[in-house]
Amino acid sequence: MPEERVLGRNYPRVDAADKVSGRSQYAGDVYLPGMLICKVLKSARSHARILRIDTSQAERLPGVRAVITGRDIPDVRFGSGAVRDRRVFALEKVRYVGEPLAAVAAVDEITAQEALDLIQIEYADLPAITDPIDALKPDAPLVHEDLPRYEGYAAGMGGNVCTVLDSGRGEVDRAFAQAEHVFEDTFRSQGINQGYLEPMACVASTDPSGRINVWTSTQGPYQVRGALAAVLQLPMSRFRIIPMELGGGFGAKLRLCLEPYPVLLALKTGKPVKFVATREEVFTLSGFRLPTTIYLKTGVMQDGTIIAREAISIFDMGAYLGAGVQSGVSHTIGPYNIPNYRVRSYAVYTNKIWAGSYRASGVADVTFAVESHTDIIARKLGMDPWEFRMRNALKEGDTAIQGGRVPRNGLQQTLEAVKERMQWPRTSEPGHGVGLALCQWRSGSGPSSASLTINEDGTVILLTGSVDITGTDTVLAQIAAAALGVDMHQVVIAKRDTDVAPFTGPSGGSRITYSQGKAVELAAEDTKRKLIALAAERLEAPAEALACGGGRVYAKEAPERGFSLGQLARMSLTSKAGPIQGTASLSAMPYAPVFNTQAAEVTVDRETGAVKIVRFVQAQDVGVAINPMAVEGQIEGGAVQGIGRALSEEVVIRDGRILNPSLTTYLMPLAPDMPAIENVLVEVPTEEGPFGARAVAEPPGFGPPAAIANAIADAVGVRLKELPLSPEKILCALRGEPLEEITLDLELLRALRGAGGSIQWAGSG
Amino acid sequence: MKHGMHLTINGEPYELLVEPYCSLLDLLRDELHLTGTKRGCDEGDCGACTVLIQGKTATSCMMLALDAKDKEVVTVEGLARGDKLHPVQDAFVQYGGVQCGYCTPGLIMSAVGLLRENPAPTEEDVRYGIGGNLCRCTGYAKVIQAILKAAEAMRTA
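These protein sequence lines are chains A and B, in that order.
Number 375 in the working numbering belongs to position 334 of the first sequence; there are no gaps in the numbering.
Number 277 in the working numbering belongs to position 80 of the second sequence; there are no gaps in the numbering.
Below is the structure:
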């Protein structure tokens, strides 16, 4: 029986046929009998005291079944990061336009909307602070007056500072004094929405027994369960979270989002309640990325060796801490071996919607700064930007910013691959420019567990609590099939919810293949051991003499002696050890960085300032491509998101109000705008990942802003330090008009003291 | 007040009472529970709700249900013949054109509409043919490849 080779093969997604047929069920596709519709009333003010909320008229409207505000629920603060600073509904004051104030359940959407219009709110406006740099000033209005009393708040910080992170190594001041050249640049990124196509949706219903079923669009069902229990002050065991097919999340659906509203209303009315966000609410109800300002100072020797770096980044957190800044700040060194550095980041409160996660929160912003700065330095030194990067690139055995040594990796191979594809160094054609960027990601870790059972017909049930967005179910099935030596079609992925599947971390930070995949591999090994033990007993042979493969367990010396997996499963029912089941759990995986080198070739229209990407090449070290088609799909999609970030996307916020909460005015890339993406998959296996696989999805989105900015500089000599790289800015620069300078009070920023905290690599993005 | 209407959806005749403000998308999803057609924006920007009306693509969120009176509507549920997928659906499966799948029904309907008018599209024709469909996951590369492969398969079938 020849064993099918399952690793490295382009299996279509296990869910693809359902998806192309319209059969897949997303949370918004759940319709229950007697279901009510939920709508949420949101603050119209940036910063104001709430004097009165009057819901009486809304409650009297025919068809309205319930209206709730913060007065109707336990006063609990929750948080997704270090500080517990948020409530389900604003109570004493509102801190941003869009903050939830009340929720309504009604028989239909029109009635629910009408009820919102009947709720009267009286506000007393407070001075609002919307610029994070102004928010750091000593006299700035406070977003949270009670901040020092919040759970999780680190003592010693003041004003609107939510967290400060510091990290350093070596003798920074001495290195700067020794450096033959010192360069300083300041960059700013823009507000970016995650742009998932499926607006968040949730349906909640209660059982007669009191259990609460929650069908929701989430990347992290166990995290939603924990947060709901904490926020509603109910036992966790009352919640059953059913993660539905997920229409994209990219971080936006990592944590508790709109689930509390339908759950509270279902508890109050006893009816199923559905809440589907509008596209506008994708911008106003769920956090996205706010602008980041990044100052970089680098000391370099004449030969191009970087010896010192100082980095100060200011992350606008909006009104509450959504995604933390660990990921971003840990990448301000870039994928370079810099012996002396001091990096600091501020997470600052402002009166804007809270900053949520998006594809390794903050790393794309920081990579734009670092990789633009890298190019600026190379050009000022008269060095080739590729040579300059190669000279300073991290190597195996170097010290990683997160601590420990840099393990085996393919960074240099990705640089070489792009050099070869682009035929670097190339003299660009007139009007053309080429630019490079290196991207890195620490890879995702976190708690993971999986279980496998063998059915009496030899098929395998794989139970995994992970939500599949990127094709991970298919990859996990490939891992299980390869480890057990069975065909792919014999592996069935169980439908799961939080009652059924064992705990796992959320699907984010590129952690599923690397970490959950490891748990699946180990669970398959555990299963295999049990199969072999049973076969050894029945064959009266030592376990070491047996092998598992081709859907059988057999004697190595006499392969005809053995049993099929189905036979063993049937025998196991009456065996001493009982039915065959394998499990495995782990809490963390070792640091295994992912590197991607990107090159963009562009033309710039001098009349309009429009940038056209004529070529885009990327090479990524993927460890081992378990499913190359899926891997390519991830890095192509990531690169195109990065191109949108580079050229066209910007959430415009003025005085705390989002001006473009719509896909008409928030411009994501469409097919006609995009170049063909050329991919090179470099395969340098990780030491611990399943079959050597590495994390994949995060890095490709980081590089395009810098690669394209560097290409624009190469094409027309214009250096833009603020995203997006819009035609307006390019035209201004081409006409010699001054671009807006980003000025920072560096003395203040260096002097402000934070409680600090170490930079860790674990967790998700 | 509800109005009576007749229309055909995926070959089946329907006699319905419909509110005048009800969009075709609302009718398909909320009344008939044909949930394959997706709501991404409700503003005609994302293309996830694309269906065929009299063989031409339309965003069903931007159309009143009553305007589909007496028309033939085809949704993503109406493409397969029993267990046999439409060649465009099959190509999306085989060539990795599907990731999260939320934009997929709309993309497939746009592709089917395109190939009815232009059975031998160039890559650029395909890019413009799906130019009204947003996809955030794939970067479009494998979607375009799938549509070109489907066109080839349909021409040689």
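Yeah, the Cβ is synthetic: ideal placement off N, Cα and C, and Gly gets one too.
Proximity below 8 Å, CB of valine 270 of chain B to CB of leucine 204 of chain B: Within the second sequence, the letter at position 73 stands for residue 270 of chain B. Within the second sequence, the letter at position 7 stands for residue 204 of chain B. Contact flag set, yes.
Residues of the stretch 283-310 of chain B in Cβ contact with chain A at a cutoff of 7 Å, in chain order, please. Legend: CB atoms of the stretch 283-310 of chain B lying less than 7 Å from CB atoms of chain A belong to residues Gln286, Phe289, Val290, Gln291, Gly293, Val295, Gln296, Cys297, Gly298, Tyr299, Cys300, Thr301, Pro302, Ile305.
Below-8 Å beta-carbon distance, proline 543 of chain A vs any chain B residue: As a first step, residue 543 of chain A must be located in the first sequence, where it is residue number 502. Chain B, which has no Cβ nearer than 8 Å to the Cβ of proline 543 of chain A, makes this no.
Could you give the first and the last residue of the continuous alpha helix (DSSP H) run that contains methionine 285 of chain A? Stepping through the first sequence from its first residue, residue 285 of chain A is reached at position 244. Boundaries cannot be given for methionine 285 of chain A, as no alpha helix (DSSP H) includes it and DSSP labels it neither H nor E.
Measuring only between beta-carbons, confirm whether glutamate 228 of chain B sits less than 8 Å from chain A. Translated into positions along the second sequence, residue 228 of chain B becomes position 31. Interface residue (Cβ-Cβ distance to chain A less than 8 Å): glutamate 228 of chain B is not classified as such.
Only counting the same chain, and skipping five residues up and downstream in sequence, which positions put a Cβ closer than 7 Å to that of glutamate 286 of chain A? Here residue 286 of chain A refers to the residue found at position 245 of the first sequence. Within its own chain, the residues whose Cβ lies closer than 7 Å to the Cβ of glutamate 286 of chain A, once the five positions on either side in sequence are excluded, are Ser65, Gln66, Tyr67, listed in chain order.
Could you list the residues in the stretch 505-521 of chain A with a C-beta less than 8 Å from some C-beta on chain B, going in chain order? Answer in chain order: Ile510, Thr511, Gly512.
In terms of alpha-carbon separation, which member of A/Gln519, A/Glu163, A/Lys653, A/Ala574 lies closest to valine 55 of chain A? Numbered from its first residue, the first sequence carries residue 55 of chain A at position 14. Of the candidates A/Gln519, A/Glu163, A/Lys653, A/Ala574, the one whose C-alpha sits nearest the C-alpha of valine 55 of chain A is A/Gln519.
Taking 8 Å as the cut-off, decide whether the C-beta atoms of valine 340 of chain B and leucine 312 of chain B are in contact. The residue given as residue 340 of chain B occupies position 143 in the second sequence. The residue given as residue 312 of chain B occupies position 115 in the second sequence. Not in contact: valine 340 of chain B and leucine 312 of chain B (Cβ atoms no closer than 8 Å).
Endpoints, the alpha helix (DSSP H) within which leucine 790 of chain A is located: Taking the first sequence and counting its residues from 1, the one referred to as residue 790 of chain A is at position 749. Segment 787-792, the alpha helix (DSSP H) holding leucine 790 of chain A.
Apart from the five residues on each side of it in sequence, which residues of its chain come closer than 8 Å, Cβ to Cβ, to alanine 803 of chain A? Residue mapping note: residue 803 of chain A aligns to position 762 of the first sequence, counting from 1. Confidence is the limiting factor: at alanine 803 of chain A the pLDDT is only 33, short of 50, which leaves the residue's position unreliable and the question unanswerable from this model.
So within the stretch 634-660 of chain A, which uninterrupted beta strand (DSSP E) runs reach at least 3 residues, ignoring any that extend past its ends? Counting only runs of 3 or more, we get 635-645.
Could you give the DSSP three-state label for glycine 733 of chain A: helix, strand or coil? In the first sequence, counting from the first residue as 1, residue 733 of chain A sits at position 692. Secondary structure of glycine 733 of chain A (DSSP, three-state): helix.
Can you pull the chain A residues whose beta carbon is under 9 Å from the beta carbon of glutamate 274 of chain B, in chain order? As a first step, residue 274 of chain B must be located in the second sequence, where it is residue number 77. Per Cβ cutoff of 9 Å: Ser62, Gly63, Arg64.
When the Cα atoms are used, what is the spatial distance from isoleucine 109 of chain A to cysteine 79 of chain A? Indexing the first sequence from 1 puts residue 109 of chain A at position 68. Indexing the first sequence from 1 puts residue 79 of chain A at position 38. About 11 Å.
For serine 703 of chain A, go through chain B and note every residue whose CB falls closer than 8 Å to its CB, in chain order. As a first step, residue 703 of chain A must be located in the first sequence, where it is residue number 662. Under the 8 Å cutoff, chain B gives Cys238, Glu240, Asp242.
Got a sec: is the Cβ-Cβ distance from threonine 163 of chain B to anything in chain A below 8 Å? Nothing can be reported for residue 163 of chain B: it is not among the residues displayed for chain B, which extend from 198 to 354.
Would DSSP call valine 725 of chain A helix, strand or coil? Within the first sequence, numbered from 1, the residue matching residue 725 of chain A stands at position 684. Here valine 725 of chain A sits in coil by DSSP.
Outcome for glutamine 274 of chain A when other beta-carbon atoms lying within 10 angstroms are tallied against a minimum of 16: In the first sequence, residue 274 of chain A corresponds to position 233, counting from 1. Exposed is the call here.
Contact list for isoleucine 341 of chain B against chain A, beta-carbon separation under 8 Å: Locating residue 341 of chain B in the second sequence gives position 144, counting from the first residue. Those are Ala712, listed as they occur along chain A.
Would you mind telling me which residues of chain B sit closer than 9 Å to glutamine 260 of chain A, beta carbon to beta carbon, in chain order? Looking up residue 260 of chain A in the first sequence gives position 219. Those within 9 Å of glutamine 260 of chain A in chain B number zero; the least Cβ separation is about 11 Å.
Please list the segments of the beta strand (DSSP E) lying wholly inside the stretch 288-335 of chain A, counting only runs of 3 or more residues, in order along the chain. Runs found: 314-317.
Please decide whether leucine 73 of chain A counts as near chain B, where near means a Cβ-Cβ distance under 8 Å. Working through the first sequence from its first residue, we reach residue 73 of chain A at position 32. Judged by the 8 Å Cβ criterion, leucine 73 of chain A is not in contact with chain B.
Write down the C-beta distance between alanine 58 of chain A and valine 290 of chain B rounded to the nearest angstrom, noting that I regard them as a contact closer than 8 Å. Translated into positions along the first sequence, residue 58 of chain A becomes position 17. Translated into positions along the second sequence, residue 290 of chain B becomes position 93. Sure, about 6 Å apart at Cβ, within 8 Å.
Would a check of beta-carbon distances place glycine 208 of chain B closer than 8 Å to chain A? For this step, residue 208 of chain B is matched to residue 11 along the second sequence. So no, glycine 208 of chain B is outside the interface.
Within 10 angstroms of the Cβ of glutamine 16 of chain A, are there 16 or more other Cβ atoms? Answer buried if so, exposed if not. In the structure as shown, chain A starts at 42 and stops at 806, and residue 16 of chain A therefore has no counterpart that could be examined.
What first and last residue would you give for the beta strand (DSSP E) that runs through glutamate 212 of chain B? The sequence position of residue 212 of chain B within the second sequence is 15, counting from 1. Segment 209-215, the beta strand (DSSP E) holding glutamate 212 of chain B.
Cβ of tyrosine 337 of chain B less than 8 Å from any chain A Cβ? Taking the second sequence and counting its residues from 1, one reaches residue 337 of chain B at position 140. Contacts with chain A at 8 Å (Cβ-Cβ) include tyrosine 337 of chain B.
If proline 448 of chain A sits next to glutamate 728 of chain A, beta carbons under 8 Å apart, how far is it from one beta carbon to the other, in whole angstroms? Position 407 of the first sequence, counting from 1, holds the residue named residue 448 of chain A. Position 687 of the first sequence, counting from 1, holds the residue named residue 728 of chain A. The pair is a contact, with the Cβ atoms about 6 Å apart (cut-off 8 Å).
For glycine 798 of chain A, which of helix, strand or coil comes out of DSSP? Taking the first sequence and counting its residues from 1, one reaches residue 798 of chain A at position 757. No answer about glycine 798 of chain A holds up, because its pLDDT of 47 lies below 50 and its placement is not dependable.
Identify which residue in A/Gln98, A/Ser208, A/Tyr237, A/Asp166 has its Cα closest to the Cα of leucine 704 of chain A. Within the first sequence, residue 704 of chain A is the residue found at index 663, counting from 1. For the residues A/Gln98, A/Ser208, A/Tyr237, A/Asp166, the minimum Cα distance to leucine 704 of chain A belongs to A/Tyr237.
Can you tell me the Cα-Cα spacing of glycine 797 of chain A and glycine 288 of chain A, whole angstroms? Here the question's residue 797 of chain A lines up with position 756 in the first sequence. Here the question's residue 288 of chain A lines up with position 247 in the first sequence. Caution is warranted here: a pLDDT of 46 is assigned to glycine 797 of chain A, below 50, making its placement in the model unreliable, and the coordinate value is therefore given only provisionally. Taken atom to atom, the span from the alpha-carbon of glycine 797 of chain A to that of glycine 288 of chain A is near 37 Å.
Mind checking if leucine 238 of chain A is an interface residue toward chain B, Cβ cutoff 8 Å exclusive? The sequence position of residue 238 of chain A within the first sequence is 197, counting from 1. Yes, leucine 238 of chain A counts as interfacial toward chain B.
For lysine 338 of chain A, the residue or residues it bridges with in DSSP: By one-based count along the first sequence, residue 338 of chain A stands at place 297. Answer by DSSP bridge pairing, in chain order: A/Glu225, A/Glu351.
In this structure, how does DSSP classify asparagine 720 of chain A when only helix, strand and coil are distinguished? Translated into the one-based positions of the first sequence, residue 720 of chain A becomes position 679. The answer is strand: DSSP assigns asparagine 720 of chain A an E or B state.
Rounded separation between threonine 257 of chain A and leucine 308 of chain A - CA only: In the first sequence, residue 257 of chain A corresponds to position 216, counting from 1. In the first sequence, residue 308 of chain A corresponds to position 267, counting from 1. The alpha-carbon of threonine 257 of chain A is positioned some 16 Å away from that of leucine 308 of chain A.
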